[in-house]
Amino acid sequence: MGKKDYKGTILDGRDSFDSWKMDIEDSLLSDDLMSYVTSEATPESSGFSTPGEKSTADIKNISLARMKIRQSIDQIHKNSVNHLIDPRAIYQSLINRYAASNKARLRQLIRMMYDVSTQTNRTVQEKVDDLKRLRAQINNQDKDIVIHEQLLICFLQMSMDDAFDTTIEILNASTETLTMEKVQSALESKELELIDVTMALIAITCPSGVGRSRSSSRATAFQRKKPP
432 MGKKDYKGTI LDGRDSFDSW KMDIEDSLLS DDLMSYVTSE ATPESSGFST PGEKSTADIK
492 NISLARMKIR QSIDQIHKNS VNHLIDPRAI YQSLINRYAA SNKARLRQLI RMMYDVSTQT
552 NRTVQEKVDD LKRLRAQINN QDKDIVIHEQ LLICFLQMSM DDAFDTTIEI LNASTETLTM
612 EKVQSALESK ELELIDVTMA LIAITCPSGV GRSRSSSRAT AFQRKKPP
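Numbering (my numbering), first residue to last: 432 to 659.
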């Protein structure tokens, strides 16, 4: 079977790096070319080759591996590796270009996830959305890192202020396995309860005349906005 042209993601920057790396490796593996970019390929047996000498097939495969890598990158990246001939050197140069930045980004995402646990002034829904989004981004950066749902629950509970302590204690005392949905529901119920209490206190402490004045002002403003 003949070698196929590359049809995957084109590397044009850090955002496409992860997808490109998977696609180019799959493409090289499917054509039995991966060894020519990751290690010294073992020369194929030939009656005309001596130990350590590359066979005609090896020379051809090295050329094909180099061509496939160059097909997978944009012109800017081609220009950056034009001085390299060995496909291993080309591949490693491209990997090294983004490996350090990916690790820095991974550390940043992990810090951002921890920071959610300190944000007591945001709603439960906002914090849940952030935690789930950050977990997905971390997984995209490194497939080997698994962020368990229980860790997300822990960060969410840590982010709640003292008014939620009893609710959290009841949740943690349960013999059932906690899920994010269950914890979120309980915390949001408490959140609504606290809002109702706050509104009731405002109604008690606010002079009735002020309340009526505000209501009257809102009604007047509404009437003014009505079309003739």
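Ideal Cβ placement from N, Cα and C applies to all residues, glycine included.
- Contact annotation: THR469 and ARG501 have beta-carbon atoms that are not nearer than 8 Å.
- Annotation for PHE448: the continuous alpha helix (DSSP H) segment containing it runs 445-461.
- Under the three-state reduction of DSSP, ILE578 is assigned to coil, being neither helix nor strand.
- Scanning its chain for C-beta atoms nearer than 8 Å, with the 5 sequence neighbours on each side dropped, one finds no residue around THR629.
- Pairwise C-beta distances place the region 528-546 out of contact with the region 492-500, as fewer than three of them are shorter than 8 Å.
- Residue pairing of LEU442 in beta bridges, as defined by DSSP: ILE504.
- The beta carbons of LEU618 and LEU609 sit no closer together than 8 Å.
- A residue is called buried once 16 or more other Cβ atoms fall within 10 Å of its Cβ, and ARG564, having fewer, is exposed.
- In this structure the region 567-574 touches the region 530-540; the number of beta carbon pairs closer than 8 Å is three or more.
- The alpha-carbon separation between PHE448 and LEU582 amounts to approximately 28 Å.
- Exclusion of the five residues before and after CYS585 leaves no residue of its chain whose Cβ lies closer than 7 Å to its Cβ.
- In this structure, the straight-line span from the alpha carbon of THR549 to that of CYS637 is close to 32 Å.
- Residue burial is scored here from C-beta neighbours: LEU459 has at least 16 other C-beta atoms within 10 angstroms and is therefore classed as buried.
- A Cβ-Cβ contact shorter than 8 Å links GLN588 with ILE599.
- For LYS534, the enclosing alpha helix (DSSP H) begins and ends at 518-547.
- For LYS558, the number of other beta carbons within 10 angstroms of its own is at least 16, and it is reported as buried.
- LYS438 sits exposed, since fewer than 16 C-beta atoms from the chains shown fall within 10 Å of its C-beta.
- Between the C-alpha atoms of ASP443 and ASP517 there is a straight-line separation of about 21 Å.
- Beyond the five residues adjoining it in sequence on each side, LYS509 comes within less than 7 Å, by CB distance, of ARG501 in the same chain, given in chain order.
- Here VAL614 has ILE584, LEU587, GLN588 and LEU602 as same chain residues with Cβ atoms under 8 Å from its own Cβ, once five neighbours each way along the sequence are excluded.
- ILE455 places its beta carbon 8 Å or farther from that of ASP505.
- Going by DSSP, GLN572 is part of the alpha helix (DSSP H) stretching over 555-572.
- The residues THR440, in chain order, have a CB closer than 7 Å to that of SER450 in the same chain once the five nearest residues on each side in sequence are set aside.
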